[in-house]
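K.L.:
Going by this note's numbering, the sequence shown opens with residue -16, and the numbers climb by one from there.
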Amino acid sequence: MITEQEVLEALSTVAGPDGRTCVSRSNGIAGLTIREGKVFLALTGDPRLAEAMETMRAEAEKQVAALPGVERAVVTLTAEKPDAPTRPAQGHRPAAPKNLAVPGVARIIAVASGKGGVGKSTTAVNLALGLVASGWRVGLLDADVFGPSLPRLLGLDGVKPELEGKMLKPLYVFGLKAMSIGFLVPEGEAMIWRGPMVMSAINQLLREVDWGELDCLVVDMPPGTGDAQLTLAQSVPLAGAVIVSTPQDLALIDARRGVTMFQKTSVPILGVVENMSYFVCPHCQGRSDIFAHGGARHEAEAMGVPFLGEVPLALQIREQADAGRPTVAVAPDSAAGQAYREIAGRVRAGLEGARQRQAPRIVVE
């Protein structure tokens, strides 16, 4: 089994950006994680030395990959903010920004929530399957590095993606292409990563996966309004965001924050979904509004964004999610299945009616 010490010794042969100090002694290691023969390494440095940093990164990846016991090495770069602003040399023009779109992917949307526990991931899976049912080619990316749930929700526990060259092949199930960090690490393994490593991981899952031709890539975001959301908004031209909330006031406060965050990064809000909207007793058929009802609709109206629909709190949804058999895939004509498909139809209509935009560039002063 490969150890951190062995990785650091391999890096001692790699020169840092100054051409003299080795990487392992240059305080340039932002993070190092080893999981089942896979080494994830983040290096940091001055962005003004971009060319030298890329040479260092490539050599570091080569040396680590050559170590016995290493199945795959992934070395990424993160940038430190320069100590002082610099002006370009006379006559020098900055390079044009790169095309940040993911090749072959027509649209990318985020499914987000301001807080956890509102059923966002279950909604994302069934929304993606609803888009598949409408005739679209769809991918689903689990961007929750710390709490990936896609393997369980799709019944793919223990299944590993194949590596073809430098690209991972997404898993294919229920007509859907899927990728998650949960496919690469054991279930229950804690990912103790800093922000830069999380951002690098999300970018790699976007760009080092062979998605092929997709009409839409659905990204299941982690809860909250942190690094992952900002990384996605800055890295790709998001076509829109779907916000999931329960009807209760506490969840709606966080949903409002989610809407505001995407609006501040110029990402269109495709709409709000009210999950766990009501409960119908399977025995007496009596209805109970356990988390209140209609709050998400009212909040959407107040914020001037579309309301996409209500999903009931149903035992069927929970049982099917735990079994890795999503509702839209196995019970599309049930009340819950129809609710998800109607939401998917509204999302598709919103996407087809929207103009594609360039990704915003977030500048922090």
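All C-beta atoms, glycine included, are put in the ideal place defined by N, C-alpha and C.
A quick note: this is a predicted structure, and the numbers were derived from the prediction, not measured.
Using a 10 Å radius around the Cβ and a threshold of 16 neighbouring Cβ atoms, would you call GLN212 buried or exposed?
P.N.:
Buried, since its Cβ has 16 or more Cβ neighbours within 10 Å.
K.L.:
Using C-beta distances below 6 Å, list every residue in its chain close to VAL156, excluding the 5 sequence neighbours before and after it, in chain order.
P.N.:
The residues are LEU137.
K.L.:
What does DSSP give as the partner residue(s) for MET150 in the beta ladder?
P.N.:
DSSP output for MET150 lists GLU147 as bridge partner(s).
K.L.:
Counting beta carbon pairs with one atom in the stretch 233 to 247 and one in the stretch 107 to 117, are three or more of them shorter than 8 Å?
P.N.:
No, they do not touch.
K.L.:
Tell me, to the nearest whole angstrom, how far the beta carbon of GLN46 is from that of THR(-14); I am working on the premise that it is less than 8 Å.
P.N.:
Their Cβ separation, rounded to whole angstroms, is 15 Å, which puts GLN46 and THR(-14) out of contact at 8 Å.
K.L.:
Among residues of its own chain, excluding the 5 on either side of ARG270, which ones have a beta-carbon nearer than 8 Å to its beta-carbon?
P.N.:
Result list for ARG270: TYR261, PHE262, VAL263 and CYS264, in chain order.
K.L.:
Near ALA275, what residues of its chain come up, given a Cβ to Cβ distance below 6 Å and the 5 sequence neighbours on each side ignored?
P.N.:
Contacts found: PRO230 and GLN231.
K.L.:
Taking the beta strand (DSSP E) that ILE326 falls in, what are its first and last residues?
P.N.:
Premise fails: ILE326 lies in the alpha helix (DSSP H), 318 to 335, not in any beta strand (DSSP E).
K.L.:
Below 8 Å on the Cβ atoms is my contact criterion, and I expect VAL57 with LEU123 to pass it. Report the Cβ-Cβ distance as a whole number of Å.
P.N.:
Not confirmed; about 21 Å, so no contact.
K.L.:
Is it true that the stretch 190 to 206 meets the stretch 98 to 105, where meeting means three or more beta-carbon pairs spaced less than 8 Å apart?
P.N.:
Taking 8 Å as the limit for Cβ pairs, the verdict is that the stretch 98 to 105 does touch the stretch 190 to 206.
K.L.:
Counting only C-beta atoms, is ALA238 closer than 9 Å to chain D at any point?
P.N.:
The structure shown contains no chain D; it holds only a single protein chain.
K.L.:
At what residues does the alpha helix (DSSP H) containing LYS160 begin and finish?
P.N.:
First-last for LYS160: 159 to 163, but that is the beta strand (DSSP E), not the alpha helix (DSSP H).
K.L.:
Are ASP193 and PRO153 close, meaning C-beta to C-beta below 9 Å?
P.N.:
Contact: yes.
K.L.:
Please report how far the alpha carbon of PRO295 lies from the alpha carbon of MET259, in whole angstroms.
P.N.:
Rounded to the nearest angstrom, the two C-alpha atoms are 5 Å apart.
K.L.:
Quick one: give me the first and last residue of the alpha helix (DSSP H) that LEU114 is part of.
P.N.:
103 to 116 is the extent of the alpha helix (DSSP H) around LEU114.
K.L.:
Compare the C-alpha of LYS143 against each of ILE164, PHE129, PRO131 and LYS149 and name the closest.
P.N.:
Out of ILE164, PHE129, PRO131 and LYS149, ILE164 has the C-alpha closest to the C-alpha of LYS143.
K.L.:
Comparing C-alpha positions only, which one of GLY292, LEU159, GLY158 and GLN217 sits nearest to ILE355?
P.N.:
The chain is shown only over -16 to 348; residue 355 falls outside these bounds and no answer can be derived.
K.L.:
Please classify GLY116: is it buried, with 16 or more other beta-carbons within 10 angstroms of its beta-carbon, or exposed?
P.N.:
Sequence check: residue 116 is Ala here, not Gly. Buried, by the Cβ-count rule.
K.L.:
I think VAL219 touches LEU189, with their Cβ atoms under 8 Å apart; what is that distance to the nearest whole Å?
P.N.:
Between LEU189 and VAL219 the Cβ distance is about 6 Å, and since that is below 8 Å, they are a contact.
K.L.:
Do PHE290 and ALA279 have their beta-carbon atoms positioned less than 9 Å apart in this structure?
P.N.:
Contact: yes.
K.L.:
Could you pull the start and end residues of the beta strand (DSSP E) that VAL227 belongs to?
P.N.:
First-last of the beta strand (DSSP E) with VAL227: 223 to 228.
K.L.:
Counting C-beta neighbours from all protein chains within 10 Å, is the total for GLY223 16 or more, i.e. buried, or is it exposed?
P.N.:
Classification for GLY223: buried.
K.L.:
Going by DSSP in three states, LEU(-6) sits in which element: helix, strand or coil?
P.N.:
Helix at LEU(-6).
K.L.:
So is GLN268 buried or exposed if we call it buried at 16+ other beta carbons inside 10 Å?
P.N.:
So GLN268 counts as exposed.
K.L.:
Measuring only from the beta carbon, is PHE157 closer than 8 Å to any heavy atom that is part of the ligand HEM?
P.N.:
With respect to small molecules bound, the structure shown includes none, and the ligand HEM cannot be examined in it.
K.L.:
Mind checking whether VAL227 and ALA35 have CB atoms under 9 Å apart?
P.N.:
Taking 9 Å as the Cβ cut-off, VAL227 and ALA35 do not qualify as a contacting pair.
K.L.:
So, under 8 Å CB-CB, MET39 and VAL(-10) are touching, yes? Tell me the CB distance rounded to an integer number of Å.
P.N.:
Contact flag wrong, Cβ pair sits at about 15 Å.
K.L.:
Could you check if GLN(-12) is buried or exposed, using at least 16 other CB atoms within 10 Å of its CB as the buried criterion?
P.N.:
Under this definition GLN(-12) is an exposed residue.
K.L.:
Determine the closest residue to ALA(-2) out of ALA25, ALA43, LYS160 and GLY20, with distance taken between C-alpha atoms.
P.N.:
Selected option, being the one with the closest Cα: ALA43.
K.L.:
Going by other Cβ atoms of all chains shown within 10 Å of its Cβ, with 16 needed for buried, is PRO131 buried or exposed?
P.N.:
PRO131 comes out buried.
K.L.:
From GLU284 to LEU253, what does the alpha carbon distance come to, in whole angstroms?
P.N.:
Looking at the two C-alpha atoms, the distance is approximately 13 Å.
K.L.:
Could you spell out where the beta strand (DSSP E) holding THR(-14) opens and where it closes?
P.N.:
No beta strand (DSSP E) contains THR(-14), which DSSP labels as neither H nor E.
K.L.:
Kindly identify the DSSP beta-bridge partner or partners of CYS5.
P.N.:
In the DSSP output, where bridge partners are listed per residue, CYS5 has ALA(-2).
K.L.:
DSSP on GLU34, reduced to helix/strand/coil?
P.N.:
Note: GLU34 maps to helix in three-state DSSP.
K.L.:
Determine the direct distance from the alpha carbon of ARG55 to that of VAL22, and round the result to whole angstroms.
P.N.:
If I take the Cα positions, the gap works out to 6 Å.
K.L.:
Could you check the C-alpha separation between GLY292 and GLY333 for me, to the nearest Å?
P.N.:
Roughly 14 Å separates the two Cα atoms.
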